[in-house]
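Novice: Position one of the sequence shown corresponds to residue 51 (our numbering), numbered consecutively onward.
Beta carbons are placed, not taken as given, at the ideal position from N, Cα and C, and that holds for glycine.
Quick caveat: nothing in here was measured; it's all calculated off a predicted structure.
This is the structure, below, for whatever I ask next.
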Amino acid sequence: MSGPAYAVRVAEDPADRELCFAVRKQVFVVEQGVPEDLEYDAYDTVALHVLAVRDDGVPLGTGRLLYGEAAAEKVAGDLSLGSLGRLAVAEEARGLGVGVALVRAIEDAARARGLAAVDLHAQTHALGFYERLGYEAYGPEYLEAGIPHQGMRRAL
Numbered sequence: 051m052s053g054p055a056y057a058v059r060v061a062e063d064p065a066d067r068e069l070c071f072a073v074r075k076q077v078f079v080v081e082q083g084v085p086e087d088l089e090y091d092a093y094d095t096v097a098l099h100v101l102a103v104r105d106d107g108v109p110l111g112t113g114r115l116l117y118g119e120a121a122a123e124k125v126a127g128d129l130s131l132g133s134l135g136r137l138a139v140a141e142e143a144r145g146l147g148v149g150v151a152l153v154r155a156i157e158d159a160a161r162a163r164g165l166a167a168v169d170l171h172a173q174t175h176a177l178g179f180y181e182r183l184g185y186e187a188y189g190p191e192y193l194e195a196g197i198p199h200q201g202m203r204r205a206l
């Protein structure tokens with residue numbers, strides 16, 4: 051049985067960004083208990099946000115790409131790296147390929163900006179998902195917002 055038809059696009063207008071934030075609130079704040087003041091940050095204003103939206107306009111997922119100085123602040127000062135973050139898929143859309151489509155859209159945006167690789171902080175339960183997409187874990191496991199994470203990277 052196939053899931054709903056959806057499209058992934060760059061969230062270029064305020065309405066799309068609000069849909070991105072709504073998905074993040076549901077997944078991270080409500081489901082995972084991340085404090086709202088940690089979920090939203092100053093990087094949201096400079097990030098490229100992507101949005102997966104069902105044909106009827108219901109948001110299904112989101113993610114963001116930091117690049118340039120914003121990414122360098124998060125990734126050891128390296129301007130050649132992008133930082134993929136805040137990847138969230140609504141419960142109804144999990145297992146339908148939405149997460150993969152969002153990651154690939156973020157990677158395409160990183161390539162378009164001439165970046166050499168994409169770095170991310172994966173929740174440890176999602177390591178297998180990212181490994182299937184070509185990401186490799188590095189460094190020690192650590193806590194972020196009280197949730198175990200692992201650094202991962204994929205060359206583009």
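Report the start-end ranges of each beta strand (DSSP E) in the stretch 101-149 that is 3 residues or longer and not cut off at the edges.
Specialist: Qualifying beta strand (DSSP E) stretches, in chain order: 109-116 and 131-139.
Novice: May I have the straight-line CA-CA distance separating Thr174 from Tyr180, to the nearest angstrom?
Specialist: Position 124 of the sequence shown, counted from the start, is the residue given in the question as residue 174. Position 130 of the sequence shown, counted from the start, is the residue given in the question as residue 180. Cα-Cα distance, rounded: 10 angstroms.
Novice: Within 10 angstroms of the Cβ of Met51, are there 16 or more other Cβ atoms? Answer buried if so, exposed if not.
Specialist: Against the sequence shown, residue 51 aligns to sequence position 1. In this predicted model, Met51 has a pLDDT of only 42, less than 50, meaning its place in the structure is not dependable; the value taken from the coordinates is given anyway. By the 10 Å Cβ count, Met51 comes out exposed.
Novice: Is there contact here, the stretch 155-170 with the stretch 61-70, by at least three beta-carbon pairs under 8 angstroms?
Specialist: Result no; under three Cβ-Cβ pairs closer than 8 angstroms.
Novice: Whose CA, out of Gly145, Arg203 and Ala55, lies closest to the CA of Leu165?
Specialist: The residue you call residue 165 lines up with position 115 of the sequence shown. Nearest of Gly145, Arg203 and Ala55 to Leu165, Cα basis: Arg203.
Novice: Taking only beta-carbon positions, decide if Arg74 is within less than 8 angstroms of chain B.
Specialist: Protein chain content of the structure displayed is limited to a single chain, and chain B is not contained in it.
Novice: With DSSP as the reference, identify every bridge partner of Ile197, one or two as the case may be.
Specialist: As a position in the sequence shown, residue 197 is number 147, starting the count at 1. Its beta-bridge partners are Glu194.
Novice: Going by the CB atoms, is the gap between Gly132 and Leu116 shorter than 8 angstroms?
Specialist: Your numbering for residue 116 matches position 66 in the sequence shown. Your numbering for residue 132 matches position 82 in the sequence shown. In this structure, Gly132 lies closer than 8 angstroms to Leu116 by Cβ.
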